[in-house]
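Numbering (this note's numbering), first residue to last: 1163 to 1313. Positions of the beta carbon are idealized from the N, C-alpha and C atoms, including for glycine.
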DNA sequence: GCCAACGTTGGC
DNA sequence: GCCAACGTTGGC
C-alpha cells in the first residue's frame, strides 16, 4: 500500500465539492512527475491526503482513496477545457488521471504551519523548498504521524 | 543542446 | 499583490 498527497486550490475544487461528489477523476494534472506517480505507482486502494493550497488554512483537509487504475485524461482532448493540450492525442494520450473516492473530511484540518513545525514530518516533500508537485508520495512513517495528528 | 524569456505555482 | 522557485518553450 502506498500513500499520497494531492493538492487542490481551495477555490477551484474544494474538499466540500469532493464530499458532495463522493468520487472524482483527478484530471488536469499537467506535470510529468505528477503524472508519472499516477501512471506508474498509484494502486487502487492507496490512501490519499487531500491538501488545499491557497486556502484558509492551507493544509490537509481530507482523506481519499484511489478508486481506479490510471486512464487517459479526457480533458486534454477537449478544446473548450482549460486543460486542453493539443499535443495529447486520443490514440496516444500524454496525460492520465485516476479516480479518487471520498473517504473523509477532517473537522480540524492540519495546517501547513503545523506540518512544518512537527519534528517527525521532516521528510515530507510538501515542506521541501520550492515544492510544486501537485501529486506526491507520502512515506509510511509520515502517513502514520499525520493520521495520529488528524484524529 | 544551451539558455533566456516566459508562464505557473503557491506561500506569505 | 508580491515574488521566489521551478517547468516549459523556442530561438539559435
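query: Where does residue 1229 sit, in a helix, a strand or coil, going by DSSP?
result: coil
field: Identity of the residue in 1270, 1308, 1264, 1178 nearest residue 1225 by Cα
entry: 1264
Three-state secondary structure assigned by DSSP to residue 1268: strand
- prompt: DSSP three-state call for residue 1277: helix, strand or coil?
  reply: helix
Extent of the continuous alpha helix (DSSP H) to which residue 1304 belongs: 1302-1311
message: Please state whether the Cβ-Cβ distance between residue 1240 and residue 1255 is less than 8 Å.
response: no
message: Output needed for residue 1177: all residues of its chain with C-beta closer than 6 Å, excluding positions within five of it in sequence on either side, in chain order.
response: 1212, 1223, 1224, 1267
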